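Have a look at the structure below, then the notes.
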Amino acid sequence: MTVGIEKNHFRLSHWEWLLLVGLGALLLRLILAVGYRNGFDLNPYNIPWALGTQDGVFEIYKNLENLDYPPLFPFLLSLVAKGVALGKELDSWPIQMFFIKLIPVLFDVGNVLLLYWIGCRKSQTFGMLLSALWAVNGSMVLNCSLWGQTDSLLLFFILLTFWLFWENRPLAAAVCFALGCLAKLQTAYFAPVVLFELLTNQKAKTALKALGVGFLTGILGWLPFMIGSGEAFLPLRIYFGGFGKYSYINVNAYNLYGIWGGNWVTDQASLFGGSYSETYGTMIGGFTCAHLSFFFLGLLFLLVLGGYFVTTWFHRSVPAALHGMMLLNGIFMLTTKMHERYQLPVLGLSLLCFFLLEERIYLWTYLALTVITCINQGMVLFQANYGGIFRELFPLFQTIFSLGNLLLFLLLLWGYVARVLFDRSFFWRPLRKV
Numbered sequence: 299m300t301v302g303i304e305k306n307h308f309r310l311s312h313w314e315w316l317l318l319v320g321l322g323a324l325l326l327r328l329i330l331a332v333g334y335r336n337g338f339d340l341n342p343y344n345i346p347w348a349l350g351t352q353d354g355v356f357e358i359y360k361n362l363e364n365l366d367y368p369p370l371f372p373f374l375l376s377l378v379a380k381g382v383a384l385g386k387e388l389d390s391w392p393i394q395m396f397f398i399k400l401i402p403v404l405f406d407v408g409n410v411l412l413l414y415w416i417g418c419r420k421s422q423t424f425g426m427l428l429s430a431l432w433a434v435n436g437s438m439v440l441n442c443s444l445w446g447q448t449d450s451l452l453l454f455f456i457l458l459t460f461w462l463f464w465e466n467r468p469l470a471a472a473v474c475f476a477l478g479c480l481a482k483l484q485t486a487y488f489a490p491v492v493l494f495e496l497l498t499n500q501k502a503k504t505a506l507k508a509l510g511v512g513f514l515t516g517i518l519g520w521l522p523f524m525i526g527s528g529e530a531f532l533p534l535r536i537y538f539g540g541f542g543k544y545s546y547i548n549v550n551a552y553n554l555y556g557i558w559g560g561n562w563v564t565d566q567a568s569l570f571g572g573s574y575s576e577t578y579g580t581m582i583g584g585f586t587c588a589h590l591s592f593f594f595l596g597l598l599f600l601l602v603l604g605g606y607f608v609t610t611w612f613h614r615s616v617p618a619a620l621h622g623m624m625l626l627n628g629i630f631m632l633t634t635k636m637h638e639r640y641q642l643p644v645l646g647l648s649l650l651c652f653f654l655l656e657e658r659i660y661l662w663t664y665l666a667l668t669v670i671t672c673i674n675q676g677m678v679l680f681q682a683n684y685g686g687i688f689r690e691l692f693p694l695f696q697t698i699f700s701l702g703n704l705l706l707f708l709l710l711l712w713g714y715v716a717r718v719l720f721d722r723s724f725f726w727r728p729l730r731k732v
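Read in order, the letters of the sequence shown correspond to residues 299 to 732 in the working numbering.
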């Protein structure tokens, strides 16, 4: 197709739109990345990790004790290590910011292009809408360009995984999920959905193949680092060690526990029973916040398992993306140890559900969560870098937006149950095709 005018209708080819939206998204993110100096998380973690890869990327777990990411991100950091080192040598923070934020920025631009490709499976208009919505998403721009965080990597592989499941390509989906687990620990939250999707919607032979291919991908990704570190159980240390970190009720998240605070309070704090601890300055033991978190986690697991059972029994077509969105949003809202960034995958999945189900609720969810997650991240980042009014207003903002986020979660839970039990939405009639 070429640019042309037919009956006063301006039409762009796929490549022209990809160039426009991709280049626009890239320039926006790079300008902000270079222009905003952030030392929070980058100075103690990402920059030293990048520099540490120069002594041998596969030996990095042996050389850096505080590296708690799976191997894909350190490997990608090795590709920009010389640029980061150059910035440090020249004492040029813009050069350091450019290179240390480059990987997250490129993956987020990749999300823009991926959403266009997905949307075009229905129509070019749908593809343009999805890609444009992501290109100007303030929450993700803040995440990758200002903060320099890596959630765009997780989102890329999660979007691709659930799209491939919808396309009935389980082997490719399993590979993408394994790559996501190699990129970021939080990908593992989706493991129950991936497992249920394979066991309920695929033949036993195909499911076993997909599980085998995914497991093999993971082993091959870890193997060079296991050899380099001389540690056979390195994956177990990173994954289980990561889940064992931050044993607090809340880590700045706008969720159930954010309504009354709970930031940096041990999750062994007692809800009832227990005894006063001089060490923690609060009641611990008895029935704790950690116990409540595990209770909610069990309920969420049963909810999604029941969802798969009902949809399989009645032969209903409910996308894995909806199950995944419900599970992760529930984990973020109802369990402990949650950081401010852990809700970001719900952004991508809500947009994917909007595309797959053509229901407005998921578009409005995307827009609402864009605001909530942007403010959540911004308040954490800016209070760390500037303090002052951001620190003073943080408790008030956390209470207000946690309440709003909880109401949105209950609305989505209602919609999920309606979709699973009655194969319809309780909210709006489906959109007409774009």
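Beta carbons are placed, not taken as given, at the ideal position from N, Cα and C, and that holds for glycine.
If you're wondering where the values come from, they're calculated on a predicted model, not measured in any experiment.
Just the Cα atoms here: how many angstroms apart are residue i and residue j?
{"i": "Leu384", "j": "Glu495", "result": "46 Å"}
{"i": "Gly322", "j": "Leu451", "result": "20 Å"}
{"i": "Arg419", "j": "Leu655", "result": "14 Å"}
{"i": "Gln696", "j": "Phe585", "result": "25 Å"}
{"i": "Leu650", "j": "Val492", "result": "16 Å"}
{"i": "Asp389", "j": "Arg639", "result": "30 Å"}
{"i": "Val378", "j": "Phe371", "result": "11 Å"}
{"i": "Trp712", "j": "Phe396", "result": "43 Å"}
{"i": "Lys399", "j": "Thr448", "result": "9 Å"}
{"i": "Ile358", "j": "Phe607", "result": "44 Å"}
{"i": "Ser568", "j": "Trp558", "result": "15 Å"}
{"i": "Val563", "j": "Arg309", "result": "56 Å"}
{"i": "Ile752", "j": "Val718", "result": "With the chain represented from 299 up to 732, any question about residue 752 goes unanswered, as that position is not in the structure."}
{"i": "Leu598", "j": "Leu317", "result": "41 Å"}
{"i": "Tyr544", "j": "Ile629", "result": "15 Å"}
{"i": "Leu679", "j": "His637", "result": "12 Å"}
{"i": "Gln566", "j": "Gln641", "result": "23 Å"}
{"i": "Val715", "j": "Asn553", "result": "21 Å"}
{"i": "Val644", "j": "Gly604", "result": "21 Å"}
{"i": "Arg614", "j": "Gly478", "result": "28 Å"}
{"i": "Ser700", "j": "Leu665", "result": "16 Å"}
{"i": "Thr300", "j": "Ser311", "result": "In this prediction, Thr300 scores a pLDDT of 38, lower than 50, which makes its location untrustworthy; the coordinate-derived value is nonetheless stated afterwards. Near 5 Å, if we compare the C-alpha coordinates of Ser311 and Thr300."}
Determine whether the beta carbon atoms of residue i and residue j lie at a separation below 8 Å.
{"i": "Ala571", "j": "Gly560", "result": "It should be noted that the sequence gives Gly, not Ala, for residue 571. No, these two residues do not count as a Cβ contact at 8 Å."}
{"i": "Leu328", "j": "Gly446", "result": "no"}
{"i": "Val266", "j": "Val410", "result": "Residue 266 falls outside the range modelled here, since the chain spans only 299 to 732, and no answer is possible."}
{"i": "Leu483", "j": "Pro368", "result": "yes"}
{"i": "Ala619", "j": "Phe338", "result": "no"}
{"i": "Gly519", "j": "Leu480", "result": "yes"}
{"i": "Ala547", "j": "Tyr555", "result": "According to the sequence displayed, residue 547 carries Ile and not Ala. It is a contact, given that the beta carbons lie within the stated cut-off."}
{"i": "Phe460", "j": "Leu667", "result": "no"}
{"i": "Pro490", "j": "Val602", "result": "yes"}
{"i": "Leu375", "j": "Ile401", "result": "yes"}
Starting from residue i, follow the alpha helix (DSSP H) in both directions and report where the run begins and ends.
{"i": "Phe707", "result": "686-720"}
{"i": "Leu428", "result": "422-433"}
{"i": "Leu310", "result": "No alpha helix (DSSP H) holds Leu310; DSSP gives it neither H nor E."}
{"i": "Ser376", "result": "370-387"}
{"i": "Tyr606", "result": "587-611"}
{"i": "Tyr664", "result": "658-683"}
{"i": "Asn414", "result": "With the sequence shown as reference, residue 414 is identified as Tyr, and Asn is not the correct amino acid for it. 391-417 is the extent of the alpha helix (DSSP H) around Tyr414."}
{"i": "Lys503", "result": "502-527"}
{"i": "Pro468", "result": "468-481"}
{"i": "Thr459", "result": "449-464"}
{"i": "Met631", "result": "618-632"}
Between residue i and the rest of its own chain, which residues show a CB-CB distance below 7 Å, the 5 nearest in sequence each way excluded?
{"i": "Leu462", "result": "Ala470, Ala471, Cys474"}
{"i": "Leu330", "result": "Val439, Ser443, Leu444"}
{"i": "Thr504", "result": "Pro468"}
{"i": "Phe454", "result": "Phe405, Gly408, Asn409, Leu412"}
{"i": "Ala430", "result": "Val319"}
{"i": "Arg335", "result": "Trp391, Met395"}
{"i": "Leu365", "result": "Trp347, Ile358, Tyr359, Pro372"}
{"i": "Arg722", "result": "Ala716"}
Within the same chain, show all residues whose beta-carbon is closer than 8 Å to that of residue i, passing over the 5 residues directly before and after it, in chain order.
{"i": "Trp313", "result": "none"}
{"i": "Gly685", "result": "none"}
{"i": "Trp415", "result": "Gly425"}
{"i": "Lys386", "result": "Ile345, Leu349, Gln394"}
{"i": "Leu691", "result": "Met677"}
{"i": "Val549", "result": "Asn561, Trp562, Lys635, Met636, His637, Glu638"}
Just to confirm my understanding: we take residue i, look at its own chain, exclude 5 residues before and 5 after, and list those with CB closer than 6 Å. What are they?
{"i": "Leu324", "result": "Val407"}
{"i": "Ala476", "result": "Gly512, Thr515, Gly516"}
{"i": "Thr485", "result": "Leu452, Gly478, Cys479"}
Can you tell me where the beta strand (DSSP E) holding residue i begins and where it ends?
{"i": "Phe570", "result": "568-570"}
{"i": "Met581", "result": "580-582"}
{"i": "Tyr359", "result": "Run containing Tyr359: none in the beta strand (DSSP E); it sits in the alpha helix (DSSP H), 358-361."}
{"i": "Tyr487", "result": "That residue, Tyr487, is in no beta strand (DSSP E); it is neither H nor E in DSSP."}
{"i": "Ser648", "result": "Where Ser648 is concerned, there is no enclosing beta strand (DSSP E), although the alpha helix (DSSP H) it sits in stretches over 642-655."}
{"i": "Ser575", "result": "573-575"}
Is the shortest distance between the beta-carbon of residue i and the beta-carbons of chain C less than 8 Å?
{"i": "Gly526", "result": "Any reference to chain C falls outside this structure, which holds one protein chain only."}
Checklist line | Cβ contact (3+ pairs, closer than 8 Å) linking the segment 341-359 and the segment 492-506 | finding: Remark: fewer than three beta-carbon pairs, one from each stretch, lie closer than 8 Å, so the segment 341-359 and the segment 492-506 are not flagged as touching.
Note to self: Three or more C-beta pairs under 8 Å: does that hold for the segment 434-443 against the segment 656-672?
What the structure shows: Contact holds: three or more Cβ-Cβ distances are below 8 Å.
Notebook entry, point to check: Should the segment 515-527 be regarded as contacting the segment 633-645, the criterion being three or more beta carbon pairs within less than 8 Å?
Noted result: Because the criterion of three Cβ pairs below 8 Å is not met, the segment 515-527 and the segment 633-645 do not touch.
Notebook entry, point to check: Are the segment 618-631 and the segment 703-721 in contact at 8 Å, needing three or more beta carbon pairs?
Noted result: The segment 618-631, when compared against the segment 703-721, does touch it at the 8 Å Cβ threshold.
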